[in-house]
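In my numbering, the protein residues as written are 49 to 183.
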């Protein structure tokens with residue numbers, strides 16, 4: 049995604065902060081070196097690619113969900129929809145055993161060991177739902 053940039057666009061700063069998941073005042077002349085580099089780029093007329101902006105700003109805090117593979121995230125998304133293992137297997141045209149392996153990996157990466165006090169599938173879905181933005 050690219051954004052047209054001109055000098056002195058305070059609204060663009062706010063929009064970039066939102067797009068990058070930063071607090072609204074994060075991009076100021078008093079900010080750290082990465083934010084200052086981004087502000088110098090904003091001061092120049094031209095085009096700024098959001099990928100570049102994301103590399104120049106501090107990254108968000110990594111979560112356990114970041115350890116999941118793309119397929120594991122897809123499986124978790126279908127779990128969040130309330131799908132059964134059989135339904136998930138049908139969606140990906142794989143065996144139920146393959147889905148079970150994905151789910152076991154999800155539980156391991158989310159540090160959800162078997163326990164008598166919690167339902168791991170529900171706990172994994174709750175973590176997933178806490179990480180997605182609903183539009």
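Beta carbons: idealized from backbone N, C-alpha and C, even for Gly. Predicted model, so just to flag it, every value in this text is computed and none were measured.
Kindly indicate which three-state DSSP category residue 52 falls into: helix, strand or coil? The pLDDT assigned to residue 52 is 49, lower than 50, so where the model puts this residue is not dependable, and the model offers no usable value.
Does the segment 148–163 come within contact of the segment 123–136, defined as at least 3 CB pairs closer than 8 Å? yes
For residue 139, collect the residues of the same chain with a Cβ closer than 7 Å to its Cβ; drop the 5 residues on either side in sequence, then sort them by chain order. 126
Give every residue of the same chain whose Cβ lies closer than 7 Å to the Cβ of residue 177, excluding the five residues on either side of it in the sequence, and list them in chain order. 128
Residue 113 (DSSP reduced to helix, strand or coil): helix
Assigned secondary structure, residue 138 (DSSP; H/G/I helix, E/B strand, else coil): helix
Given this structure, state the Cα-to-Cα distance separating residue 134 from residue 119, to the nearest angstrom. 16 Å
What distance in whole Å lies between the Cβ atoms of residue 179 and residue 111, which are believed to be in contact at a cut-off of 8 Å? 7 Å
Measuring straight from C-alpha to C-alpha, what distance separates residue 172 and residue 166? 11 Å
Could you tell me the distance, in whole angstroms, from the CA atom of residue 117 to the CA atom of residue 136? 16 Å
Once you ignore the five residues that flank residue 113 on each side, which residues in its own chain have a CB closer than 6 Å to its CB? 179
To which residues of the same chain is residue 115 closer than 6 Å at the C-beta, ignoring the five residues directly before and after it? 157
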